[in-house]
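Participant: Okay, handing you the structure first.
And the structure:
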């Protein structure tokens, strides 16, 4: 059987000096976009050109969780147990049972992308239509869509996540700006990711006062604190595939990103092409 590697980053917050980038061996090569971790299992959206969500078991075995999707970008799971997947091409959010049965949940055109859940299980999804603008839709627990934010300072918004106080953070693809939005919808610039290239950011995740931000074009993972201070968390900035000490590691267009519940493992997946590895 062919074995492949998924790169992972160990986050050891109290002993960060020994944190390392390492590989996680997979049974097959897959395309990836958004990642979701639950009960020792990774759920991986195949991306805008795909139709599947994969399920990766603790031993690295890759199985198909569900099919018949149209450009799956991201995966979240509500407290009632069902999964929700944003479909870029079809403009809908699909609902998937734990057994992998797919049904249509709601249409939210154009191009729904990364998603986040608030404490009440409402879905927030970004819309990035590659024209320098963008918006965020809130989908309530009854399946109704409500405009949450439209226009500047959003600029092709992508990655999105909440902190424990209900503040929403959004990463702009084009200009690398990280936007903070209050629960009442007041937006402000928090920070700017200092990289060049077309896709300055990708998926983001919040944990314990820090945002972890993938940079597709920068081949690095940045961390941003809640007052806007930016630093490199991992990656030398040289594209490639190399483990080891955090700042010496190499990533190839890091895109998908998720955290283990205890915050000690950050999973990172290569974007823009099929990958035979993740990093952690």
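Residue numbers (the working numbering): 292 to 571. We put the beta carbon where it would ideally sit given N, CA and C, even for glycine. Computed from a prediction, not measured in an experiment: that's the story for all the values here.
Put residue 378 into one of helix, strand or coil per three-state DSSP.
Facilitator: Here residue 378 sits in strand by DSSP.
Participant: Please report the Cβ distance between residue 482 and residue 444, rounded to the nearest whole angstrom; I am assuming they are in contact, meaning their Cβ atoms lie under 8 Å.
Facilitator: In fact, because the Cβ distance is near 12 Å, the residues do not count as touching under 8 Å.
Participant: With distances taken from CA atoms, which of 508, 492, 387 and 424 is nearest residue 345?
Facilitator: Nearest option by C-alpha distance: 387.
Participant: By DSSP's criteria, residue 388 is part of a beta bridge. Which residues make up the other side?
Facilitator: In DSSP, residue 388 forms no bridge with anything.
Participant: Using the C-alpha atoms, what's the distance from residue 452 back to residue 378?
Facilitator: Approximately 18 Å, taken between the alpha carbons.
Participant: CB residue 430 to CB residue 420, shorter than 8 Å?
Facilitator: Taking 8 Å as the Cβ cut-off, residue 430 and residue 420 do not qualify as a contacting pair.
Participant: What are the start and end residues of the beta strand (DSSP E) that includes residue 438?
Facilitator: Taken as a continuous stretch (DSSP letters only), the beta strand (DSSP E) holding residue 438 covers 436-441.
Participant: DSSP has residue 507 in a bridge; who is on the other side?
Facilitator: Residue 507 is not bridged to any residue.
Participant: Only counting the same chain, and skipping five residues up and downstream in sequence, which positions put a Cβ closer than 6 Å to that of residue 490?
Facilitator: Answer for residue 490: 464, 507 and 508, listed in chain order.
Participant: What span of residues does the beta strand (DSSP E) with residue 463 cover, start to end?
Facilitator: Start and end: 459-463.
Participant: Are the beta-carbon atoms belonging to residue 382 and residue 403 less than 8 Å from one another?
Facilitator: Yes, Cβ-Cβ distance for residue 382 and residue 403 is below 8 Å.
Participant: Nearest by alpha-carbon distance to residue 458: which of 397, 374 and 518 is it?
Facilitator: Ranking 397, 374 and 518 by Cα distance to residue 458 puts 518 first.
Participant: Just verifying my parser: in three-state terms, what is the DSSP assignment at residue 537?
Facilitator: Here residue 537 sits in helix by DSSP.
Participant: Which whole-angstrom value describes the C-beta separation of residue 428 and residue 439, a residue pair presumed to lie in contact below a C-beta threshold of 8 Å?
Facilitator: Rounded, the Cβ-Cβ distance is 6 Å, consistent with contact.
Participant: Under the three-state reduction of DSSP, which class applies to residue 394: helix, strand or coil?
Facilitator: The answer is strand: DSSP assigns residue 394 an E or B state.
Participant: Can you tell me which of the three DSSP states residue 450 falls into?
Facilitator: Three-state result, residue 450: strand.
Participant: So, with DSSP's three-state summary, where would you put residue 419?
Facilitator: Note: residue 419 maps to coil in three-state DSSP.
Participant: By Cβ distance below 6 Å, which residues in the same chain neighbour residue 406 in space, the five residues on each side in sequence not counted?
Facilitator: Taken in chain order, the residues that qualify are 365, 367, 377, 414 and 416.
Participant: When burial is assigned at 16 or more other CB atoms within 10 Å of the CB, is residue 496 buried or exposed?
Facilitator: Per the 10 Å Cβ criterion, buried.
Participant: Report yes if the CB atom of residue 560 is closer than 8 Å to the CB atom of residue 312, and no otherwise.
Facilitator: Going by C-beta atoms, residue 560 is not nearer than 8 Å to residue 312.
Participant: The beta strand (DSSP E) with residue 466 in it runs from where to where?
Facilitator: Looking at the DSSP string, residue 466 is not in any beta strand (DSSP E), and its letter there is neither H nor E.
Participant: Measuring straight from C-alpha to C-alpha, what distance separates residue 442 and residue 473?
Facilitator: About 15 Å.
Participant: Please report how far the alpha carbon of residue 310 lies from the alpha carbon of residue 513, in whole angstroms.
Facilitator: Spanning the two alpha carbons is a distance of roughly 15 Å.
Participant: Assuming the contact rule is C-beta atoms closer than 8 Å, residue 526 and residue 510 should be a hit. Round their C-beta distance to whole Å, please.
Facilitator: About 6 Å; that satisfies the 8 Å criterion.
Participant: How long is the line joining the alpha carbons of residue 553 and residue 533, rounded to whole angstroms?
Facilitator: Each residue's alpha carbon lies about 25 Å from the other.
Participant: Starting from the Cα of residue 449, find the closest Cα among 555, 375, 331 and 548 and give me that residue.
Facilitator: Cα-wise, what sits closest to residue 449 is 548.
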